[in-house]
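All the letters of the sequence shown, read from the start, carry residue numbers -25 to -1, 1 to 956 under mature numbering (1 follows the signal peptide of the UniProt record, and there is no 0).
C-beta atoms are modelled at their ideal positions from N, C-alpha and C, and glycine is treated no differently.
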Amino acid sequence: MSKKFSLALVLASVLGFLPFSISPAGCQQLPLSPERQQALSSGEQAQKLLDAGKYGEALPLAQQSLALWEKTAGSSSLEVATALRLVGLLHYQQGRYAEAEPFLQRALTIRTALLGPEDPAVGQMYNNLGNLYMEAGQYAQAETFHRRAIAIRTKAFGPEHLDVARSYNNLANTYSSAGQYAQAEAAYLRALAIRQKVLGPDNPEIAQTLDNLGLLYKEQGRYTEAEALCRQGLALREAALGSDHPDVANSLNNLAGVYYLEGNYPQAEALFERALVIWQQAIGPESGLVARVLNNLALLYEDQGDYSRAEPLYRRSLAIKEKALGAEHPVVASSLFNLASLTEKEGNSAEAERLYRRAMAISEKAVGPQSPDVARSLDNLADLYRDRGEYARSERLYRRALSIREATLGAFHPELSNTLTGMAILAARKGDPAQSRQLLARSLDIQEHNLALTLASGSEAQKRAYLATFAESLDVALSLHLQNAPKDSRWARLALTTLLRRKGRVLEATSGNMVVLRRHLNPPEQSLLDELNDTRSQLATLTFAGFGGSNPPAQYKAQLASLQARTEELEATLSRRSALFESESVPATTEAVQGQIPAGTLLVELARYRPLNLRATRLSERFAPPRYAAYLLDRRGRLRWADLGDAASIEAAIAAFRDAVRDRTLAVERLKPAAARLARLLVQPLERELRAVQQVLIAPDSQLNLVPFAALVDGENHFLVERYSFDYLGSGRDLLRLAHLSHSQQPPLIVANPDFEQDSQSTTQPASATNLRSIDLAKLHFVALPASREEAAAIAAQLPAAQLLSGPAATESAIKQVHGPRILHIATHGFFLGASRRVENPLLRSGLALAGFNTRKSGSDDGVLTALEVSGLDLQGTQLVVLSACDTGLGEVADGEGVYGLKRALTLAGAESQLLSLWKVADEPTKALMVDYYRQLSLQAGRAAALRTAQLRMLGSREYAHPFYWAAFIPSGDWRPVGDL
């Protein structure tokens, strides 16, 4: 659903009055008779009221001034021209463009006749009329007038005068409003160059152009660039004007708007609130600027489902605008529009329709029937009629909205995608799946274009927030296939293509940034990368140090927030730097992916989605509870699919299975029913296709990331490991990346049996008989792992070139200094913390324990290597990372983005494949599994096949047949052999 957001595109020299106390150039100096004195006084009072935003009070005084000047100075005098301009501008400010035009046109005619066509005062009139035509949606006329103003001002003042810059700014505004973004960008950059040369780089007037250029990028969906420019403009204004200046609030509002569109709601809310406080204190609670930010805050709350907070803010914003500007002003339409959207969500369709129509009528009257504002109302009315079953009315409005947006916004604007998606849903409701598919495919292509642009830069959090704004369209794509056209292979291909484009996209973009950056690393980037890793280490150390003593809670929280903000800032900066370098990118299509699937292998792409309810009559009923689905693809391009059932039932079965498989005291035959029950839900619907293969590349989603499929039980009471070799991917799109790897030639590194008591006088707790490789961090103490020492020695014997670090040498700093070892094997304690309000970053809630952990020294080498710190390692070209420890495959599960933990961190660091655990593992059986795994690798078995062989050996043993011992570790990433060890 389209919504109207109140940003602040700045028109340069809209008003720019020639003071009434000074006659314009060439004006005859007349004696000031009482009537002339009154004319001058009325004009000056009107100007002051206009400056204060009191347009209604100003207009009668301006009209009085005009009448007196016409009587005393003649109808064609320059005094009359100035008064005409004042009256015209007052109509303009109140949105009465048709009434304003004749006054401004007459003023232009008089000035041209008396001063000549190239006088700067004539240029001023062209500028004013250009702005009027832009607001009225007459973009061609506006462009003509602004170009004439530029020509006059350039001839009068030279090409690098500030008035020339202001005219370029206004010309750019015109292009931006017309959707001619390339021309707008060029004009803004010209205005910026002039201002920077004349004023210097730190003048606050430069912030105006930076803000406008940022808003242009926002309209194009280039949110990262928009954010950078708005931040720069804000910094300029704060430095020059102070933090409480009204212009600073303008920049805050605009930057907050970008954060909102990126999905970064907490940051947006904080900046909106700050702008509100500034404007209320500086210009009063009833100003139009206060109304603007109230509207934006309401929109923010509405998007988060907090309707009770949103509605009063919308109504207060509307009341202020109507009082200050009149009920028919164009900006009143934005509040009506948003209030209508909220009312519709609350289920009051009739009232929503009334408000939409009133908003549209105002926009049509003010800016013409072909403006983007009108298209927004048309789009939402079409949604409303569609959901009421009035399909003919809905289709007419959609088509009109589409026509307007295609003409004014260009082929790849996000709002065009909104219209196309609405039309696709309408076609599905009408029973036309072919047309629905064509419309949705076009919409999704537009979204993919904008995703590719925006995800090229920005921090990981920014990327994640932006991608989240597209979640609904993935639900729509899967639903319209599985629920509405379940036998249509063309729909299946579109659904799978969308899934391949979206799943794991943030991880791919972030890791791709680092790959490109490391490939082109130079001293400035290296310095930033070093600072990022140092900041992450400080954040990890401070997080686990906690507060207390000389570091009270408030100070502790402030320090954490500062380090987190600096981390994200550095991530965004490095991401922008990497975007400067050309990187190879293969579009994610089913055809490209199937070409990378080996023969005899099946790709299983799993997804958690919300089914679209095509019969919903209220917005609150639009989506049903989530379900799981599977798409299966082989090398020949054979595509099959299945809806697996409701997510709640499947996730309950997952929980029961995990409880059973982790209980080693439970007899194998007693745990098999839970494993079989989950297999019936997940595997049985796919069994026909699975029978034809032995190797399965599985891309799980959400809670399915926590399932070791090898330990599920088929209908013949066999574990699936007996039939299949499984490898895990973030998405089938990973196959495109894995096809272009460059392997490291650095020797392997083995880290094992760290001395947790290094530099400590304390006594190590005696190891338990089982020595689980895990830790309860609340106790902050680890026990020794003697079997890990034996494990390392046995593996080192199979890796003759490997470096072995153990005991006091197995330190955090040693691991941080590695540069792409071919294989990295770490045998130690692992940890995973559940959700914690104190530790918000999920990459800080999992990690590894290294030498000196129990002494907890301060500094970056404190013995705890968090996933956040792991993400900063240089593992480019590392073929395999094995974390022989507990819970290393766990983390915070996110729909569409996998698990936020060590697995994600290793991918970000550049590792090609990982072997990680899904629960607490025991020391001795883990040693046996690992030694056999490396033995199989040395025999040139693939990474996934080697694990399967080792697992089958344990399954066939008497001592370790329970899946607790052999099923905890899952392989992910590249499944192929690593070559000679």
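Residue of the options minimising C-alpha distance to residue i
i: residue 928; options: 404, 696, 122 and 660; result: 696
i: residue 140; options: 161, 69, 155 and 592; result: 161
i: residue 89; options: 889, 424, 269 and 56; result: 56
i: residue 679; options: 809, 767, 727 and 872; result: 872
i: residue 188; options: 847, 152 and 614; result: 152
i: residue 438; options: 34, 64, 894 and 197; result: 197
i: residue 332; options: 355, 904 and 105; result: 355
i: residue 958; options: 28, 44, 48 and 21; result: This structure cannot speak to residue 958, because the chain is shown only from -25 to 956.
i: residue 457; options: 447, 445 and 470; result: 470
i: residue 44; options: 8, 425 and 71; result: 8
i: residue 41; options: 31, 62, 26 and 33; result: 62
Residue j beta carbon less than 9 Å from that of residue i
i: residue 474; j: residue 466; result: no
i: residue 652; j: residue 684; result: no
i: residue 836; j: residue 794; result: no
i: residue 729; j: residue 776; result: no
i: residue 819; j: residue 842; result: yes
i: residue 852; j: residue 797; result: yes
i: residue 882; j: residue 486; result: yes
i: residue 265; j: residue 258; result: yes
i: residue 224; j: residue 173; result: no
i: residue 620; j: residue 661; result: no
i: residue 129; j: residue 121; result: no
i: residue 690; j: residue 669; result: no
i: residue 178; j: residue 215; result: yes
i: residue 726; j: residue 780; result: yes
i: residue 14; j: residue 39; result: yes
i: residue 210; j: residue 227; result: no
Outcome for residue i when other beta-carbon atoms lying within 10 angstroms are tallied against a minimum of 16
i: residue 751; result: For residue 751, the predicted model reports a pLDDT of 40, less than 50, meaning its position is unreliable and no value from the coordinates is stated.
i: residue 5; result: Low confidence applies to residue 5: its pLDDT is 48, below 50, so where it sits in the model is not reliable, and the reading given next is rough at best. Exposed is the call here.
i: residue 338; result: buried
i: residue 663; result: exposed
i: residue 415; result: buried
i: residue 202; result: buried
i: residue -6; result: Here the model assigns residue -6 a pLDDT of 37, short of 50, so the residue's position is not dependable and the matter cannot be decided.
i: residue 12; result: exposed
i: residue 863; result: buried
i: residue 745; result: Legend: pLDDT at residue 745 = 46, less than 50; position of this residue unreliable, value from coordinates given subsequently. Exposed.
i: residue 753; result: Per-residue confidence for residue 753 stands at a pLDDT of 45, beneath the threshold of 50, marking its modelled position as unreliable; no derived number is given.
i: residue 624; result: exposed
i: residue 821; result: buried
i: residue 982; result: In the structure displayed, the chain extends from -25 to 956; residue 982 sits before or after that span and is not available.
i: residue 738; result: With a pLDDT of only 36 at residue 738, under the threshold of 50, the placement of this residue in the model should not be trusted; the figure read from the coordinates follows. Flag for residue 738 reads exposed.
i: residue 914; result: exposed
i: residue 166; result: buried
i: residue 24; result: buried
Residue span of the alpha helix (DSSP H) that contains residue i, given as start and end
i: residue 450; result: 446 to 457
i: residue 491; result: 480 to 494
i: residue 247; result: 240 to 258
i: residue 352; result: 347 to 362
i: residue 668; result: From DSSP, residue 668 is part of no alpha helix (DSSP H); its letter is neither H nor E.
For residue i, the first and last residue of its enclosing beta strand (DSSP E)
i: residue 606; result: 602 to 608
i: residue 950; result: Residue 950 -> no beta strand (DSSP E), and no H or E assigned at all.
i: residue 728; result: 724 to 729
i: residue 572; result: Run containing residue 572: none; DSSP gives neither H nor E here.
i: residue 268; result: Counting along the chain, residue 268 falls outside any beta strand (DSSP E), though it belongs to the alpha helix (DSSP H) covering 263 to 278.
i: residue 909; result: From DSSP, residue 909 is part of no beta strand (DSSP E) but of the alpha helix (DSSP H) over 898 to 913.
i: residue 958; result: Any question about residue 958 goes unanswered here, given that the chain covers just -25 to 956.
Residue i at chain D interface by Cβ criterion, 9 Å
i: residue 856; result: Among the chains of the structure shown, chain D does not appear; only one protein chain is present.
Worksheet item: Do the stretch 585 to 598 and the stretch 640 to 658 meet, that is, are 3 or more Cβ pairs less than 8 Å apart?
Response: Judged by pairs of C-beta atoms under 8 Å, the stretch 585 to 598 does not touch the stretch 640 to 658, as fewer than three such pairs exist.
Open item on the list: So, does the stretch 696 to 711 touch the stretch 942 to 952, judging by three or more C-beta pairs under 8 Å?
Closed with: Output reads yes: the stretch 942 to 952 touches the stretch 696 to 711.
Check whether the stretch 886 to 904 and the stretch 494 to 504 touch, using three or more Cβ-Cβ pairs below 8 Å as the test. no
Under 8 Å, with one C-beta from each stretch per pair, do the stretch 708 to 723 and the stretch 566 to 576 reach the 3-pair mark? yes
Next on the checklist: Taking contact to mean 3 or more Cβ pairs, one atom from each stretch, closer than 8 Å, check whether the stretch 582 to 589 and the stretch 445 to 454 are in contact.
Outcome noted: yes
Within the chosen definition, does the stretch 297 to 308 reach the stretch 317 to 330 through at least 3 CB pairs nearer than 8 Å? no
Q: Would you be able to state if there are at least three C-beta pairs under 8 Å between the stretch 607 to 615 and the stretch 480 to 499?
A: no
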